[in-house]
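Under my numbering, read the sequence shown as residues 36 to 227, first letter to last. Input: a single structure, listed below in structure tokens.
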Amino acid sequence: MKQLFFAALLTIIFSAKAQIVLEHEYESASTIYSIGPEGNATNSQLMYVNFELSGERYIVIDRWEKEIRFYDMSHVLLSTVSIEDFPVDYYGSMGDFLYFSQNLFDTDDKIEFMYVTRIPSSEEYYTGIYKEDGTLIFSENAGPFIRLTIPTQQYPIYNTSAGTKMILSYTDKHATVFGLPGTLVSEIAIQN
36 MKQLFFAALL TIIFSAKAQI VLEHEYESAS TIYSIGPEGN ATNSQLMYVN
86 FELSGERYIV IDRWEKEIRF YDMSHVLLST VSIEDFPVDY YGSMGDFLYF
136 SQNLFDTDDK IEFMYVTRIP SSEEYYTGIY KEDGTLIFSE NAGPFIRLTI
186 PTQQYPIYNT SAGTKMILSY TDKHATVFGL PGTLVSEIAI QN
């Protein structure tokens, strides 16, 4: 009888530790496309990033409210970036956000990121590098596109013996290489 009691007790203890617990719900963070008030399809994103200096953060890219929100690991809002004035594609939809980092595109400790979209009035693409306050620090009418292979062999940003390089492609069939002041750390590379 004692053995049965201890077996039941151990089962309860171990099953209590194995429960999946809802931690937090983020509004306007689903990656599933929905039709917006203007009639355009859009989605948002919730992602995890381990920044080089400030550490782990959740990031919500809210394309409905046109803002990026940064949260700590306790889900407390730390800051918000307006993306209201960022370029949109010819459907009025926001583009893609990539490479959230602190020391990749510049050497201060502020967060920066890449934004890519199609330019509505042409066949060209737009790549902008922005700081966390919305300041534009780089822009080019090109995109960080790659040819997808398995395993992946091509990326738009590389660490090389000559420094960190960013490759952008243009619609007129040429590509350019830009030198970046920072280094692509493995945490940023894995998350993109």
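No residue lacks a Cβ here, since even glycine has one placed at the ideal position from N, Cα and C.
- Boundaries of the beta strand (DSSP E) harbouring LEU133: 131 to 136, taken from the DSSP string.
- Per DSSP, the beta bridge partners of VAL95 are LEU81 and ARG104.
- Counting the other Cβ atoms within 10 Å of the Cβ of MET108 gives fewer than 16, which makes it exposed.
- In the structure shown, GLY127 adopts coil according to DSSP, grouped into three states.
- Restricting attention to HIS209, TYR205 and THR195, the CA atom closest to the CA of LEU215 is found in THR195.
- Assigned with DSSP and collapsed to three states, ARG182 falls in coil, not helix or strand.
- Setting aside the 5 residues that flank it on each side, ARG98 is surrounded in the same chain by THR77, SER79 and MET129, each with a C-beta closer than 6 Å to its C-beta; the list follows chain order.
- Sequence-distant partners of MET149 (beyond 5 residues in either direction) whose C-beta falls short of 6 Å from its own C-beta, in its chain, are LEU133, TYR134 and ILE164.
- The Cβ-Cβ distance between TYR160 and GLY178 falls below 8 Å.
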